[in-house]
Amino acid sequence: MSRLRATFVISAADPAGFPAATLPEVAVVGRSNVGKSSLINAMTGQAGLARTSRTPGRTRLLNWFRVETQSKPMHLVDLPGYGFAEVNRDLRASWQPLIESYLSERETLKAVLLLMDLRRGPEAEELDFVPWLEARGIPMIVAMTKSDKLPKNQRMMAVMAAKKQLSLRRDPFAVSVQTGENVEATWRAVANAAFPKAR
Ligand SMILES: Nc1nc2c(ncn2[C@@H]2O[C@H](COP(=O)(O)OP(=O)(O)OP(=O)(O)O)[C@@H](O)[C@H]2O)c(=O)[nH]1
Ligand SMILES: [Mg+2]
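Written out as structure tokens, the structure is:
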């Protein structure tokens, strides 16, 4: 993946701290530890841009990154992961309303990049979340992460199973930041969602 010009903009814990809604935005959403921050780094070709960690629940704030695409600048937003049981209850309770209000109210949000671990497939949260996004008309790109952890013959089966379970129109990407599989394809889908071609 070639290096894109990308810079950290700001972290925010609440709407008062969000940056002005001026650029098209794609938000990266998924279970804690699924690989959101790693994929942002891989898509931009900048290893240290978003902070990654083996410890689930690392990203606790919304983090904005500005990425220069070939056409125009856009924002990638790294959202805190859900489903991490060890984070204390109060903190968890504050996440969901924040994320839901961000997703439903952000004027410049063009799409959500939803990540799932290829080995786990959709779980209760994704089965809830996908229809929630559809009901709000928020376009969705689905990628299944850590594909390097599954043998090749099982990857396609996992992708097809997820597609069916979530009633997706398009095949999810099987992506790996270790091998680079589909990182470029996922990025193209993200950039296309940020700048939809006029029909
Ligand atoms: N093998 C493999 N490991 C990966 C891949 N992507 C991420 N990881 C690892 O998974 C762990 C979590 O990655 P992060 O990118 O920090 O995950 P996150 O979704 O941002 O996590 P939170 O911020 O805690 O919600 C790290 O140890 C990464 O190195 C991948 O494609 N393959
Ligand atoms: Mg993270």
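Positions 4 to 202 (our numbering) are the ones given, in order, by the sequence shown. Note that the Cβ used here is the ideal one computed from N, Cα and C, for glycine as well.
Alpha carbon to alpha carbon, what distance is there between residue j and residue i?
| i | j | result |
| --- | --- | --- |
| R158 | A177 | 7 Å |
| L101 | E128 | 16 Å |
| V70 | W190 | 11 Å |
| R3 | L121 | Nothing can be reported for residue 3, as the shown portion of the chain is limited to 4 through 202. |
| R57 | T111 | 31 Å |
| V133 | S170 | 9 Å |
| R172 | Q49 | 31 Å |
| F198 | K39 | 21 Å |
| N185 | L130 | 24 Å |
| E137 | N66 | 24 Å |
| Y85 | K75 | 31 Å |
| P175 | D151 | 15 Å |
| E126 | A53 | 26 Å |
| E103 | W135 | 10 Å |
Do residue i and ligand 1 come close, with the Cβ less than 7 Å from some heavy atom?
| i | result |
| --- | --- |
| Q157 | no |
| R83 | For clarity, residue 83 is Pro in the given sequence; the question names Arg instead. P83 Cβ: within cutoff of ligand 1. |
| Q49 | no |
| D151 | yes |
| V80 | no |
May I ask whether a heavy atom of ligand 2 can be found less than 7 Å away from the beta carbon of residue i?
| i | result |
| --- | --- |
| S203 | One cannot answer for residue 203 here, as it falls past the ends of the chain, which runs 4 to 202. |
| T148 | no |
| T58 | no |
| T55 | yes |
Write down the C-beta distance between residue i and residue j rounded to the nearest angstrom, noting that I regard them as a contact closer than 8 Å.
| i | j | result |
| --- | --- | --- |
| A114 | A196 | 4 Å |
| L42 | T182 | That belief does not hold up - the Cβ atoms of L42 and T182 are roughly 13 Å apart, past 8 Å. |
| T55 | A9 | At roughly 15 Å, the Cβ-Cβ gap does not stay under 8 Å, so T55 and A9 are not in contact. |
| V31 | L82 | 6 Å |
Looking at residue i: is its Cβ nearer than 8 Å to the Cβ of residue j?
| i | j | result |
| --- | --- | --- |
| V37 | M119 | yes |
| L26 | H78 | yes |
| I141 | V193 | no |
| L116 | V29 | yes |
| A45 | V180 | yes |
| G124 | A188 | no |
Can you tell me which residues form a DSSP beta bridge with residue i?
| i | result |
| --- | --- |
| L112 | E28 |
| F68 | F11, L79 |
| L118 | G33, A146 |
| N198 | Residue identity differs from the one stated: residue 198 is Phe in this sequence, not Asn. Paired residues: none, contrary to the question. |
| Y85 | R34 |
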